[in-house]
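What follows is a set of notes on a single structure, which appears directly below.
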Amino acid sequence: MRTATLLRASIGFAFFIMLAVVLYLATLPPPLIVQGQVSADEIDISPRVSGRVTRLNADVGDSVKQGGVLVELTNPELSAALAASKAALTVAEANQRNVETVRPETVTAQKAQVAADQADVDLSQSSYSRQQKLLSTGNTPQADLDQATRNLQAALKKKEADEAELALTIEGASAEQRALAEAQVKQVAAAVAQQTVDVDELRIVAPISGEVTTRIAELGENFSPGAPLYALIDLQNSWMTFNLREDLLAGLKVGDTFRVDIPALGAKEVAVKVTVINVEGQYATWRATRATGDFDLRTFEVRTKPVEPLTGLRPGMSVIAHWHARTR
């Protein structure tokens, strides 16, 4: 009889304990699971100059290296303008050399001209002296002496002009002429440099190493500056983003680590580190019901990166965090 009483008491006590446990578990708040998403740097690639597509070197899904040529364009107008500018530069440089150079044969010719002028002066002087003597004896009219005087003055002026020209020839161009020729060369050279850059822009290269996610370019299609041709993602610079109410940020700071699950990779307990905590815009504010006495709560972007490199991580993958257990 006593044994039966003890058995019933034990069963009752066990039932009471089980009931208490069930009630305790029933009143516990459900575990908070936060879902985030993997993101990565994405770059849209567009031409700086207009052109028609002549060659495509990459397609969607291809991995490309930084500096690799993705697409080649053609623009006959740019090529023609570059050729014209190069020709103009050749002319400007030749003109500069001509300005800065004193040719010996030019100096020799000018000296010969001055010598000829001197011979004319001597001849005119002799004629003038003869006419002057004849006039004093009455054997020639005054008109002949006047003509000899004019001839002598003309010969002297011509010699003076040619001597000045010889001096200029020996001295070369003036400082102003040299500066003008140099400025013309620089101006045309700048145009050549700019047009060379424009022509080089017809070969569009990858600014980063990454994977092609979008290809809009088609062979034969004409594109204007700024029109998208490709989109690349940098898989080496992936991160995970969570959008959290501010009441879930208690104790969280940049540099903290916690663990997440990544279903697409079958990876569990992956350690991640907080790198950014930024407030979202007003559109992401959690609006409270004023009648309850609560307050509006802002939403924050929490960005994390894997502590260790994670193979296969791609943008768009879901990331799961058991939030209340993150500090354990």
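Just so you know, my numbering puts 1012 at position 13 of the sequence shown, and the rest follows in order with no gaps.
The beta carbon of each residue, even a glycine, is placed where N, CA and C say it ideally should be.
Values in this document were obtained by computation on a predicted structure and should not be read as measured data.
- With a contact defined as Cβ atoms closer than 8 Å, Glu1268 and Arg1297 miss out at about 30 Å.
- Under the 8 Å Cβ criterion, the region 1232-1249 counts as touching the region 1196-1210, having at least three qualifying pairs.
- Listed in chain order, the non-local C-beta contacts of Pro1224 below 7 Å within the same chain comprise Pro1046, Arg1047, Val1048 and Ser1049, local neighbours out to five positions each way being set aside.
- Two segments are said to touch when three or more pairs of C-beta atoms, one from each, lie closer than 8 Å; by this definition the region 1032-1039 touches the region 1236-1244.
- In this chain, the beta strand (DSSP E) harbouring Leu1234 covers Tyr1229 to Arg1244.
- Contact annotation: Leu1122 and Leu1134 have beta-carbon atoms that are not nearer than 8 Å.
- Between the beta-carbon of Asp1040 and that of Asn1277 there is about 16 Å, and that puts the pair past the 8 Å contact cut.
- Of the other Cβ atoms in all chains shown, 16 or more fall within 10 Å of the Cβ of Ala1057; this residue is therefore buried.
- Residue environment: Leu1031 is assigned as exposed (fewer than 16 neighbouring CB atoms within 10 Å of its CB, all protein chains considered).
- The shortest C-alpha to C-alpha distance from Arg1202 to any of Gln1183, Val1187, Leu1179 and Leu1228 is the one to Leu1228.
- Here the alpha carbon of Ala1182 sits roughly 26 Å from the alpha carbon of Pro1103.
- Comparing alpha-carbon positions, the option among Val1306, Phe1299 and Ala1091 lying closest to Gln1176 turns out to be Ala1091.
- Boundaries for Lys1252: no alpha helix (DSSP H) harbours it, and the DSSP string shows neither H nor E there.
- A residue is called buried when at least 16 other Cβ atoms come within 10 angstroms of its Cβ; Asp1246 does not meet this threshold and is exposed.
- When C-alpha distances from Trp1322 are compared across Glu1307, Gly1250, Thr1310 and Pro1314, the shortest belongs to Gly1250.
- Per DSSP, the beta bridge partners of Lys1272 are Thr1256 and Lys1304.
- Cβ atoms of Val1306 and Lys1272 come within 8 Å of each other, at about 5 Å.
- Per DSSP, the unbroken alpha helix (DSSP H) holding Ala1178 starts and ends at Ala1174 to Asp1199.
- Here Ile1044 is near Leu1069, since their CB atoms are less than 8 Å apart.
- Residue Gly1066 holds the alpha-carbon nearest to the alpha-carbon of Ala1205 among Ser1062, Ala1192 and Gly1066.
- Asp1161 sits away from Gln1124, with the two beta carbons spaced by 8 Å or more.
- Bounds of any beta strand (DSSP E) do not take in Val1048, whose DSSP letter is neither H nor E.
- Rounded to whole angstroms, the separation of the alpha carbons of Thr1274 and Leu1248 is 14 Å.
- Under DSSP, Thr1073 takes part in a beta bridge, and its partners are Arg1051.
- Residue state for Thr1213 is assigned as strand, using DSSP reduced to three classes.
- Burial is judged here by how many other beta carbons sit within 10 angstroms of a residue's own beta carbon; Val1059 has fewer than 16 and is exposed.
- One alpha carbon belongs to Thr1195, the other to Leu1312, and they sit about 41 Å apart.
- When the beta-carbon positions are compared, Val1187 and Gln1095 stay at least 8 Å from each other.
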